[in-house]
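Chains as they are written, first to last, in full-length UniProt numbering: chain C, 1 to 496; chain E, 1 to 496. The C-beta atom is built at its ideal place from N, Cα and C for all residues, glycine as well. Read through the structure below, which is laid out as structure tokens, and then see the notes.
This is the structure:
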């Protein structure tokens, strides 16, 4: 009896679960460290991921009561936008610069000067932003020249993992489409853009559809994971794409809101639909010939964790504190641009702000203002999706979908009912869908959705009194954003 | 051997000390509660003050080893801007609305509409602001009509204390000059302004010079305090005025910076000099024919206490945390308008703001930003004093003068050396000066200063590297204030 393994390599943890004939077994989790050595710098040692895999995979087998020899296939979803310098066998050179790393702001500006951002957006579907791979590669060349020279490949976390697992250096179209180096329509590396970033095409990973095999497990890795060298490894996909699939994103009109450290929000479309306002980006999806129009996510759970750290309490306590402040947080407002603004406009020079503070402001008001601010940011994203006509029904997944209070605020701010996923770990579900499709268990992505995606429709309905309150508060939040943007932009020099 | 008692009735505590032939004995303190029952509402029960006097006065006698029968005279300094409804014997009607109470914002607006604010400023030296007595009286008439009708006097904390102590309902020119009801030049109640506030002149306290006797102790009070009915009670003065005297404010060019919950800053002048920009107000001083040009104080120690409450730490910890963040607080800025702005402009619609927040922001950065923000507010006040030519050498007194780190920041922000008082409780020193002058121990205020005021000149010198950093940061702070003001002002409706 052969089974598959679905794995999600995230920021805070690696999660793994067995996909058997009865569906998805319980999920095993291994935590990950995150290093923030300087303002804007956010790194992870690639070894932390492989060490965590060596914990989570055997634990998942245990939880399912399955032997390693019965695992025919692994499907891995992983963080987008991480740059990892590596070799064919998974040797690495320096830490991964992960999606949160903002050090390449100047390089992004240089890239934008050299290549017209409108043209780049039209070609890649992406904004020229420090989060994407191309500016990070430029930063690495300037600041880590030895590592850049030594590594055979300038890859992603996905290509590093595939190399470590199989010896093949590939990742999927979805991963490649978040690099600023791929033509989103052709699905091939763009020679001109690679040249701008100073990269030879042969140092970039191969691009494969997500559900095709990259190779089979290398012997030493099979041993570490408790699997066999017969086990096939898929090209895998990005965590946003896997979460979108696992959250039921294939349903017509669905918008999947993935509430984690960041809060990416996406809608599936058939062609390369581009947002003329460039608030939303367009990726290739993990499903062939499908695209994902998405916002890559504003500080969300990350903002709550940040506030928890300031207040010296746990994250759960921040969500409890919210309930002790009235709707509108007694006039306190928060703009969650904790690593620059990505909504309602992309502007790396905008910092986060708490406004409306008074002697009457207590921790509960700050907590509520943070969660409300995150909901207002979501509303701006969802409004744009609706305007573009790419999606309208919001389905909430991720750890943040477990808080009733947060869901109630979100529903009122959006003035819409929300569907909520039964299993919050949607990326694992999405990875499992790809594994089942590759193995022939599911004949189509629709069948995979039917079998694995569990969503409670109308799990939350908007409270009319809250809707009215938040309509005004959202307008006020937007005024505060304008104010923060006007204040922030001329400060470029000081912070650089 | 007769001695005098100097008492300061503040917000956080009542302090008392014996003035004997050897100078001032150690200070006894009794804490006070403060009640903030709603946004903008800050009250104290008048009984809390008399109860605290009954603790602090006997304790001061103990500390000095003096018998109550030897106390010939009491000099009391007390909070400005508190409104107390009371009778001739000290019976009260409702709580004191203290200086921090901001509920009378609408009444201040109504007063300003009825009386041209320019004319009022020219007449009284004051801004039409909710902190002053006239709007508070209007608020009490609307919201506490029974108390307003029942009380014989619409007084100050000083007039209540004098009534309770002696049965005479008086306070001094300094107290009266912060009500919006007194002509600052003539030192008499202004009939027109009293009429605007709906007050009959006979319900206002009598006005006496600070160092004249109001009366002698009533028998029941003498017993409670452990004194005799022969003990004379001076008219007393405002705490800002007493602190200014006790901080050495009579020295030519001195600016006394009183660092408490708020941070009033004043300079003595000979005539009724008025600030054309109305940032500074002009009072009668506690010394005959002298005036005090002063800023009534922005949130200072109060802002630190507020942040300590948010972070769940003690106030001292906030000052320690400051040292763990570099100058400029990693780009975090704080505008300390926690009860509306009083500097660089008076605007009750401006709230406090934290800007420049990022994932790298920790509690130490918030702490440093708060203390820096308070220093920037001080700089705007001192700059105005210098422009007006009313003072330039800054002398720091009050609890906040004990922090070396805060003094170093302040000195760098002001780009000036600072003198620091040996005894931080300058209001007690000032009250003692008045007692000694009334009793003939000191022939003049200059002699009183020479005998009682201890100031270490050049206690702190500005660090040139910090000066340069803070010059830019102050300009940035001012930009943030403009931004907070533009954001705050149209929100009037929402918060009312």
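Under the Cβ distance rule, residue 306 (chain E) counts among the residues neighbouring chain C, one pair being separated by less than 7 Å. Residue contact check for residue 363 (chain E) against chain C: a CB pair falls below 7 Å. Counting C-beta atoms within 10 angstroms of its own C-beta, residue 301 (chain C) has 16 or more neighbours from the protein chains shown and is therefore classed as buried. Close CB contacts of residue 458 (chain C) within its chain, under the 6 Å cut and outside five residues either way in sequence, are with 417 (chain order). Considering only beta carbons, no part of the stretch 84 to 107 of chain E lies closer than 7 Å to chain C.
Shown here, residue 232 (chain C) sits in a strand according to DSSP, grouped into three states. The Cβ atoms of residue 350 (chain C) and residue 339 (chain C) do not sit closer than 7 Å to each other.
C-alpha of residue 111 (chain E) to C-alpha of residue 135 (chain E): approximately 7 Å in a straight line. The bridge partners DSSP lists for residue 74 (chain C) are C:5, C:233.
Only residues of its own chain outside the window of five on either side were considered, and among them 40, 41, 139 have a CB closer than 6 Å to the CB of residue 103 (chain C), listed in chain order. The stretch 366 to 386 of chain C makes no contact with the stretch 232 to 249 of chain C: fewer than 3 CB pairs, one atom from each, lie closer than 8 Å.
Shown here, residue 62 (chain C) sits in a helix according to DSSP, grouped into three states. For chain C, none of the residues of the stretch 443 to 469 of chain E brings a beta carbon within less than 8 Å of one of its beta carbons.
By alpha-carbon distance to residue 453 (chain C), the top candidate from C:474, C:282, C:419, C:148 is C:419. When DSSP states are grouped into helix, strand and coil, residue 202 (chain C) belongs to the helix group.
Assigned with DSSP and collapsed to three states, residue 296 (chain E) falls in strand. Within its own chain, the residues whose Cβ lies closer than 6 Å to the Cβ of residue 218 (chain E), once the five positions on either side in sequence are excluded, are 167, listed in chain order. Here DSSP, grouped into helix, strand and coil, assigns residue 270 (chain E) to coil.
For residue 324 (chain C), the secondary structure class from DSSP, reduced to helix, strand or coil, is coil. Contact note: residue 302 (chain E) reaches chain C through 359, using a C-beta cutoff of 9 Å and chain order. Listed along chain C are 310, 311, 312, 363, each with a C-beta nearer than 9 Å to that of residue 311 (chain E).
Secondary structure note for residue 279 (chain E): it is in no beta strand (DSSP E), with a DSSP letter that is neither H nor E. Residue 87 (chain E) has its alpha-carbon roughly 20 Å from the corresponding atom of residue 197 (chain E). Here residue 288 (chain E) has 209 as same chain residues with Cβ atoms under 7 Å from its own Cβ, once five neighbours each way along the sequence are excluded. Within chain E, 351 have C-beta atoms less than 7 Å from the C-beta of residue 356 (chain C), given in sequence order. Within the same chain, and ignoring the five residues on either side of residue 249 (chain E) in sequence, the residues whose Cβ sits closer than 6 Å to its Cβ are 256, 268. As the crow flies, the alpha-carbon of residue 54 (chain E) is around 14 Å from that of residue 228 (chain E). At a cut-off of 7 Å between C-beta atoms, residue 291 (chain E) does not count as an interface residue with respect to chain C. Out of E:442, E:412, E:202, E:400, the CA that lies nearest to the CA of residue 464 (chain E) is found in E:412. Against chain E, a Cβ distance below 7 Å from residue 317 (chain C) picks out nothing, because the smallest value is about 11 Å. At a cut-off of 7 Å between C-beta atoms, residue 39 (chain E) counts as an interface residue with respect to chain C. Proximity of chain E to residue 339 (chain C) at the Cβ level (cut-off 7 Å) is accounted for by 358, 359, in chain order.
The continuous stretches of beta strand (DSSP E) do not include residue 461 (chain C), and DSSP gives it neither H nor E. In this structure, the beta-carbon distance from residue 17 (chain E) to residue 4 (chain E) does not fall below 7 Å. For residue 178 (chain C), none of the residues of chain E pass the 9 Å Cβ criterion, the least Cβ distance being about 21 Å. Against chain E, a Cβ distance below 8 Å from residue 330 (chain C) picks out 39.
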